[in-house]
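Inspection log for the structure reproduced underneath, given as structure tokens.
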């Protein structure tokens, strides 16, 4: 609710700033009646069948469907996208039928004049409809009689309403409502950065202090100040009590310095106690050449909360990738098999599948936006697009013959594009030696055609790994020569 109120205030501020007083008044009225809290399918159905179609607002009608295609789905959602296209064509047919019923033959001719090319590109069965303005009684024609019936219109309205309810119940949060949460997230991250910087400064100061203490200890031991020759019970040169007292003072000083170095350890130097006995620690020890050895610090072990073994691959696994939501995992083996499975028993396993690619799989990448599309790259230059919901390959691409090996694939987190890293082949004993020159190609995921080839210079070494930043504007590509190439994508 906090995000909702913040978004409402932003809209109100913008309307006041622009001077849209009438819009502001209508906005306030709808807010007071709880209208406009979220997407409402009934309102959009009324808008289409009570406003756009009866008033012949064709541009707004086409713009509404274009908005649905852009904001709520992509061609990767094959079933949903196909349903939307069919509904759009049915609504356009009702537009023609309504104009004929109203005696507005001019609107029918205008409709085909503006949208004729679009309709012919989408569906060939529109060919007969171009003759409908010139048929004397189209309602009696067997080919068009169905569309003049009330039952067909009721079915169309019901189907459109059910479709809108389905996509709106699973729609994303509007960008305006994410501003408040993103603002709080940024504020929290800034506080975390400030705390980490303070902690880093403290640790750096502590590290410098410890390094100084270690240097002092090493100088003292190398100079022989704490040699074993004086750590004996008696001496021929003087009184045992005098030497014991001197050694006790020196070893006490040494003990205090070592305890300053590590508060958990006691003195590592053999020294007298007041009772005349030795004590020795296990953290720092003498060697024969008087050097100090510091053992490694013990770190706590990693705690495993969940562990389960999944069977299915008959060859060594070469790749493993989580989907964007984390619900599914795709794994590949060198025999060209890809498996999709779920690790959580509470998650539906309807996406589980085994894909046979015919050659070694060299790259895997999930689409970040819809979480339904898996890209598979093979060693022979093939790229397959697998729809996890439809359980079928929706596209099968091939790279240039000059670059027959796919080394990596990466999908943009924002745009419907992906980048492929391919390489030429040459003779060699290792994988890196067999990869030749690099090629980076940007592909469009709606047309499945290459958009551009990114520049890498002359004879570039092979690219082995790709990574987008959070907003998809920058692409990093690492090469076999140790260089990282950065690209700014528009």
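Residue numbers (our numbering): 3 to 492. All C-beta atoms, glycine included, are put in the ideal place defined by N, C-alpha and C.
Please say whether residue 375 and residue 340 have beta carbons closer to each other than 9 Å? Residue numbering aside, residue 340 sits at position 338 when the chain shown is read from its first letter. Residue numbering aside, residue 375 sits at position 373 when the chain shown is read from its first letter. Taking a C-beta distance under 9 Å as the contact criterion, residue 340 and residue 375 do not qualify as a contact pair.
Quick one: is residue 440 buried, meaning 16 or more other Cβ sit within 10 Å of its Cβ, or exposed? On the chain shown, position 438 is the one that residue 440 refers to. Residue 440 is buried by the Cβ-count criterion.
When 136, 89, 424 and 392 are compared against residue 81, the one with the closest alpha-carbon: As a first step, residue 81 is located in the chain shown; it is residue number 79 there, counting from the start. Residue 81 has its Cα closest to that of 392, out of 136, 89, 424 and 392.
Does DSSP put residue 447 in a helix, in a strand, or in coil? Here residue 447 corresponds to residue number 445 of the chain shown, with the count starting at 1. Residue state, collapsed to three classes: coil.
Are at least three pairs of beta-carbons, each pair with one atom in the segment 404-415 and one in the segment 351-370, less than 8 Å apart? yes
I'd like to confirm the pairing. Which residues does DSSP put opposite residue 389 in its beta bridges? As a working mapping, residue 389 is identified with position 387 in the chain shown. The partner list for residue 389 (beta bridge, DSSP) reads 375 and 394.
What separation, rounded to the nearest whole angstrom, lies between the Cα atoms of residue 355 and residue 343? Translated into positions along the chain shown, residue 355 becomes position 353. Translated into positions along the chain shown, residue 343 becomes position 341. Straight-line Cα distance between these residues: approximately 7 Å.
In or out: residue 353 buried (at least 16 other Cβ within 10 Å) or exposed? Here the question's residue 353 lines up with position 351 in the chain shown. Buried, since its Cβ has 16 or more Cβ neighbours within 10 Å.
Contacts around residue 336, its chain only, beta-carbon distance under 6 Å, and the 5 residues preceding and following it disregarded: As a first step, residue 336 is located in the chain shown; it is residue number 334 there, counting from the start. Taken in chain order, the residues that qualify are 317, 318, 320 and 362.
Indicate the three-state DSSP secondary structure (helix, strand or coil) for residue 345 in the structure shown. For the purposes of this step, residue 345 is identified with residue 343 of the chain shown, where counting begins at 1. If DSSP states are grouped into helix, strand and coil, residue 345 belongs with coil.
How do the segment 447-454 and the segment 415-424 stand: do at least 3 beta-carbon pairs fall below 8 Å, yes or no? yes
Which partner residues of residue 358 appear in the DSSP bridge assignment? In the chain shown, counting from the first residue as 1, residue 358 sits at position 356. Paired residue(s): 339.
For residue 488, the three-state DSSP class (helix, strand or coil): Within the chain shown, the letter at position 486 stands for residue 488. Strand, per DSSP.
For residue 384, which beta-bridge partners are listed by DSSP? Your numbering for residue 384 matches position 382 in the chain shown. Answer is 400.
Rounding to the nearest angstrom, what Cα-Cα distance links residue 507 and residue 187 in this structure? Coverage of the chain is limited to positions 3 through 492, which leaves residue 507 absent and any answer about it impossible.
Near residue 326, which residues of its chain fall below 7 Å by C-beta distance, leaving aside the five closest residues on each side in sequence? The residue labelled residue 326 in the question sits at position 324 within the chain shown. For residue 326, same chain residues with a beta-carbon under 7 Å away, outside a window of 5 residues either side, are 368, 370 and 373 in chain order.
For a quick check, are the C-beta atoms of residue 357 and residue 378 less than 9 Å apart? Counting from one through the chain shown, the residue named residue 357 turns up at place 355. Counting from one through the chain shown, the residue named residue 378 turns up at place 376. Yes, they are a contact pair.
Under 9 Å between the Cβ atoms of residue 443 and residue 380? Stepping through the chain shown from its first residue, residue 443 is reached at position 441. Stepping through the chain shown from its first residue, residue 380 is reached at position 378. In this structure, residue 380 does not lie closer than 9 Å to residue 443 by Cβ.
DSSP-derived helix/strand/coil call for residue 454: In the chain shown, the residue the question calls residue 454 occupies position 452. If DSSP states are grouped into helix, strand and coil, residue 454 belongs with the strands.
Nearest-angstrom Cβ-Cβ length linking residue 397 and residue 387, presumed shorter than 8 Å: Within the chain shown, the letter at position 395 stands for residue 397. Within the chain shown, the letter at position 385 stands for residue 387. Confirmed, Cβ separation roughly 4 Å.
DSSP bridge partner residues for residue 410 (one or two, in chain order): Translated into positions along the chain shown, residue 410 becomes position 408. According to DSSP, residue 410 bridges with 423.
I'd like to know if the segment 180-199 and the segment 130-139 are in contact, where contact means that at least 3 CB-CB pairs between them fall below 8 Å. no
Quick one: give me the first and last residue of the beta strand (DSSP E) that residue 363 is part of. For the purposes of this step, residue 363 is taken as the residue at position 361 of the chain shown. Boundaries of the beta strand (DSSP E) harbouring residue 363: 363-368, taken from the DSSP string.
Count the other CB atoms within 10 Å of the CB of residue 162; is the residue buried (16 or more) or exposed (fewer)? For the purposes of this step, residue 162 is taken as residue 160 along the chain shown, with counting starting at 1. With 16 or more other Cβ atoms within 10 Å, it is buried.
So, using beta-carbon positions, are residue 478 and residue 464 closer together than 9 Å? Translated into positions along the chain shown, residue 478 becomes position 476. Translated into positions along the chain shown, residue 464 becomes position 462. Contact: no.
Mapping the DSSP letters down to three states, classify residue 167 as helix, strand or coil. For this step, residue 167 is matched to residue 165 along the chain shown. Correct three-state label for residue 167: helix.
Which residues in the same chain as residue 148 place their Cβ atom closer than 6 Å to its Cβ, once the five residues preceding and following it in sequence are excluded? Numbered from its first residue, the chain shown carries residue 148 at position 146. Result list for residue 148: 154, in chain order.
Measure the alpha-carbon distance for residue 62 versus residue 109 and round it to whole angstroms. Locating residue 62 in the chain shown gives position 60, counting from the first residue. Locating residue 109 in the chain shown gives position 107, counting from the first residue. When rounded, the distance between both Cα atoms is 15 Å.
Since residue 359 contacts residue 383 with CB under 8 Å, what's their CB separation in whole angstroms? Here residue 359 refers to the residue found at position 357 of the chain shown. Here residue 383 refers to the residue found at position 381 of the chain shown. Actually they are not in contact, since the Cβ atoms of residue 359 and residue 383 sit about 12 Å apart, beyond 8 Å.
If we ignore side chains and look at the alpha-carbon of each, how far apart do residue 572 and residue 93 end up? Residue 572 cannot be examined here, being either before or after the span of the chain that is shown, 3 to 492.
So residue 10 and residue 33 are in contact, right, with Cβ under 8 Å, and what is the actual spacing, rounded? For the purposes of this step, residue 10 is taken as residue 8 along the chain shown, with counting starting at 1. For the purposes of this step, residue 33 is taken as residue 31 along the chain shown, with counting starting at 1. Residue 10 to residue 33, Cβ: 7 Å. Contact.
Quick check: what's the CA-CA separation for residue 86 versus residue 46? Walking along the chain shown from the start, residue 86 turns up at place 84. Walking along the chain shown from the start, residue 46 turns up at place 44. In a straight line, the C-alpha of residue 86 is about 14 Å away from that of residue 46.
Considering residue 319, what are the terminal residues of the beta strand (DSSP E) in which it resides? As a working note, residue 319 is residue 317 in the chain shown. Element bounds for residue 319: 319-324.
Roughly how many angstroms lie between the CA atoms of residue 467 and residue 411, to the nearest whole one? Position 465 of the chain shown, counting from 1, holds the residue named residue 467. Position 409 of the chain shown, counting from 1, holds the residue named residue 411. Using only the alpha carbons, I get a separation of about 8 Å.
Quick one: using the 10 Å Cβ neighbour count with 16 as the cut-off for buried, is residue 31 buried or exposed? Here residue 31 refers to the residue found at position 29 of the chain shown. That one is exposed.
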